[in-house]
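**Student:** Residue 147 in my numbering sits at position 145 of the sequence shown, and the numbers go up by one each step. Can you read through this structure? Questions will come right after.
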Amino acid sequence: MKALVYTAPERMELQDIPEPAPGDGEVLLEIVAAGVCGSDIHGFLGHSERRKPGLVMGHETVATILETHRSVSGWKKGQRVCFNPLLTCRSCRACLSGRQNLCSSWTLFGMDRLHGTYAERLAVPARQLFALSPELSDEEAILAEPMAVVLHAFRIALSGEQPQSLAIVGGGAIGSLSLVLARRRGIAKVAVVDVNEERLQAAQRLGADRVVNAAREDPAAAIRAWAPGGACAVIEAVGSDATRRSAVAVAAKGARLLFLGLAENESPLPWIDMVRNEQAIFTSFCYAPRDFEDSVALLEARGVDIRAWTESRPLSDGQAGFLKMSKAPGATLKMMLRP
Ligand SMILES: [Zn+2]
Ligand SMILES: [Zn+2]
Numbered sequence: 003m004k005a006l007v008y009t010a011p012e013r014m015e016l017q018d019i020p021e022p023a024p025g026d027g028e029v030l031l032e033i034v035a036a037g038v039c040g041s042d043i044h045g046f047l048g049h050s051e052r053r054k055p056g057l058v059m060g061h062e063t064v065a066t067i068l069e070t071h072r073s074v075s076g077w078k079k080g081q082r083v084c085f086n087p088l089l090t091c092r093s094c095r096a097c098l099s100g101r102q103n104l105c106s107s108w109t110l111f112g113m114d115r116l117h118g119t120y121a122e123r124l125a126v127p128a129r130q131l132f133a134l135s136p137e138l139s140d141e142e143a144i145l146a147e148p149m150a151v152v153l154h155a156f157r158i159a160l161s162g163e164q165p166q167s168l169a170i171v172g173g174g175a176i177g178s179l180s181l182v183l184a185r186r187r188g189i190a191k192v193a194v195v196d197v198n199e200e201r202l203q204a205a206q207r208l209g210a211d212r213v214v215n216a217a218r219e220d221p222a223a224a225i226r227a228w229a230p231g232g233a234c235a236v237i238e239a240v241g242s243d244a245t246r247r248s249a250v251a252v253a254a255k256g257a258r259l260l261f262l263g264l265a266e267n268e269s270p271l272p273w274i275d276m277v278r279n280e281q282a283i284f285t286s287f288c289y290a291p292r293d294f295e296d297s298v299a300l301l302e303a304r305g306v307d308i309r310a311w312t313e314s315r316p317l318s319d320g321q322a323g324f325l326k327m328s329k330a331p332g333a334t335l336k337m338m339l340r341p
């Protein structure tokens with residue numbers, strides 16, 4: 003079958019690879035669409051330790067069941083599904099306490115040596131599947147995985163007292179989905195900081211009260227003029243030195259700061275200021291199965307729609323799609339590849 007194989011930094015090639023077969027407890031999926039995630043882009047650029055040449059990436063998926071192993075019950079051929087791509091041991095302390103994202107041996111489809119969904123077909127454990135209604139468009143359903151990331155993040159850092167104002171640093175897919183969720187949750191004021199003018203325009207149309215182009219204005223001054231004293235909560239969805247510093251600079255005294263971005267491992271931050279300002283630091287990673295379930299339910303309720311900024315390309319055009327998303331994404335918040 004055809005698959006998009008990562009062959010070298012900034013290089014993806016359509017190749018023939020062996021046909022997968024469903025093992026015990028698995029179903030064989032026919033991939034309908036596979037989303038391009040920030041982590042796949044990171045891998046494409048050669049910056050990911052766990053994404054090496056020879057790998058088929060991809061973990062955001064809409065598919066139909068092509069075949070079920072005889073050991074599988076409850077699923078049948080032709081059903082439209084998505085699946086939770088995070089595999090965990092199900093027996094460590096983290097897994098048993100509902101924090102599967104912190105499993106000591108988690109793996110992800112499209113990482114290490116486990117091929118992902120930039121392919122015509124893939125076998126996955128049936129227990130990872132979620133049924134999708136026929137009415138839900140591929141463009142909405144493809145958001146199940148990134149939206150689970152955002153729902154988990156909100157559960158970790160924003161489930162207590164509702165913040166009066168929220169600043170989101172980074173207006174890519176995760177930042178934009180955070181904006182949509184903040185709006186739905188009724189957070190009164192939401193601002194988005196980015197350097198990409200087209201994404202800021204998208205943020206405006208998605209309901210941001212204030213957008214700040216950090217290439218042209220100082221985020222700290224702009225956000226402090228918009229929310230006196232700074233934002234009560236901040237989501238950092240890039241993970242670079244500059245954006246992490248911006249996140250701290252726009253935050254009010256006593257603010258909650260949520261770091262999600264994974265671009266760089268170490269970044270210097272003004273710790274004395276952060277301590278004196280008693281800012282609460284949260285980090286959040288991936289999702290637990292309950293977040294994925296909540297995400298599918300939210301999508302089925304038509305709670306998230308970024309179709310105007312979603313682009314589909316054939317899988318054979320994957321190289322160009324990755325180049326676009328890594329170099330000049332423009333207004334595209336989500337790229338989908340279709341085998
Ligand atoms: Zn992802
Ligand atoms: Zn575990």
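For glycine and all other residues, C-beta sits at the position ideal for the given N, C-alpha and C.
Rounded to whole angstroms, what's the CA-CA distance from L339 to R278? Just pull it up for me.
**Tutor:** For the purposes of this step, residue 339 is identified with residue 337 of the sequence shown, where counting begins at 1. For the purposes of this step, residue 278 is identified with residue 276 of the sequence shown, where counting begins at 1. The alpha-carbon atoms of L339 and R278 are separated by roughly 47 Å.
**Student:** Does DSSP put R9 in a helix, in a strand, or in coil?
**Tutor:** Mapped onto the sequence shown, residue 9 falls at position 7. A small fix is needed here, since residue 9 is Thr in this sequence, not Arg. Three-state result, T9: strand.
**Student:** Quick check on the DSSP output: what are the complete beta strand (DSSP E) runs of length 3 or more inside the region 231–256, in order along the chain?
**Tutor:** 233–238
**Student:** I'd like the span of the alpha helix (DSSP H) that includes I225, first residue to last.
**Tutor:** Within the sequence shown, the letter at position 223 stands for residue 225. P221 to W228 is the extent of the alpha helix (DSSP H) around I225.
**Student:** When every heavy atom of ligand 2 is checked, does at least one fall within less than 7 Å of the C-beta of A96?
**Tutor:** Sequence index remark: in the sequence shown, residue 96 carries index 94 (1-based). Yes, since a heavy atom of ligand 2 falls inside the 7 Å radius drawn around the Cβ of A96.
**Student:** Roughly how far, in whole angstroms, is the beta-carbon of L262 from the beta-carbon of I237, given that I think they are within contact range, below 8 Å?
**Tutor:** Taking the first residue of the sequence shown as position 1, residue 262 is located at position 260. Taking the first residue of the sequence shown as position 1, residue 237 is located at position 235. Confirmed, about 6 Å.
**Student:** Report the three-state DSSP secondary structure of I158 (helix, strand or coil).
**Tutor:** Numbered from its first residue, the sequence shown carries residue 158 at position 156. Reduced to three states, the DSSP call for I158 is helix.
**Student:** Determine the direct distance from the alpha carbon of P316 to that of Q130, and round the result to whole angstroms.
**Tutor:** Your numbering for residue 130 matches position 128 in the sequence shown. Your numbering for residue 316 matches position 314 in the sequence shown. Each residue's Cα considered, the two are about 26 Å apart.
**Student:** Check whether the Cβ atoms of L124 and L16 lie closer than 8 Å to each other.
**Tutor:** To locate residue 124, count along the sequence shown from 1; it is residue 122. To locate residue 16, count along the sequence shown from 1; it is residue 14. No.
**Student:** Quick check on R186: buried or exposed, where buried means 16 or more other Cβ atoms within 10 Å of its Cβ?
**Tutor:** As a first step, residue 186 must be located in the sequence shown, where it is residue number 184. With fewer than 16 Cβ atoms within 10 Å of its Cβ, R186 is classed as exposed.
**Student:** Relative to ligand 2, is the shortest distance from any of its heavy atoms to the C-beta of C91 smaller than 7 Å?
**Tutor:** Here residue 91 refers to the residue found at position 89 when the sequence shown is read from its first residue. Yes - ligand 2 has a heavy atom lying nearer than 7 Å to the Cβ of C91.
**Student:** Have a look at A150, V34, M59 and G100 and flag the residue whose alpha-carbon is nearest the alpha-carbon of Q321.
**Tutor:** Position 319 of the sequence shown, counting from 1, holds the residue named residue 321. Looking at the Cα atoms, M59 is the closest of the given residues.
**Student:** Excluding the five sequence neighbours on either side, which residues of its own chain have a C-beta within less than 7 Å of the C-beta of R157, listed in chain order?
**Tutor:** Start at 1 with the first residue of the sequence shown, and residue 157 comes out as number 155. Here the set comprises D293.
**Student:** On a Cα-Cα basis, can you pick out the residue from V34, E51 and I283 that is closest to A65?
**Tutor:** For the purposes of this step, residue 65 is taken as the residue at position 63 of the sequence shown. Distances from the CA of A65 to each of V34, E51 and I283 were compared; the closest alpha carbon is that of V34.
**Student:** Label L89 either buried or exposed according to how many other C-beta atoms from any shown protein chain fall within 10 Å of its C-beta, with 16 as the threshold for buried.
**Tutor:** To locate residue 89, count along the sequence shown from 1; it is residue 87. L89 comes out buried.
**Student:** Below 8 Å, how does it come out for the region 267–285 and the region 177–191: are there three or more Cβ pairs, yes or no?
**Tutor:** Contact fails between the region 267–285 and the region 177–191, because fewer than three Cβ pairs, one in each stretch, are under 8 Å apart.
**Student:** Who are the Cβ neighbours of L2 in its own chain at under 7 Å, not counting the five residues just before and after it?
**Tutor:** Coverage of the chain is limited to positions 3 through 341, which leaves residue 2 absent and any answer about it impossible.
**Student:** Who are the near neighbours of A143 in its chain, counting only those whose CB is closer than 7 Å to its CB and skipping five residues on each side?
**Tutor:** Taking the first residue of the sequence shown as position 1, residue 143 is located at position 141. Contacts found: V64, C84, L134 and L301.
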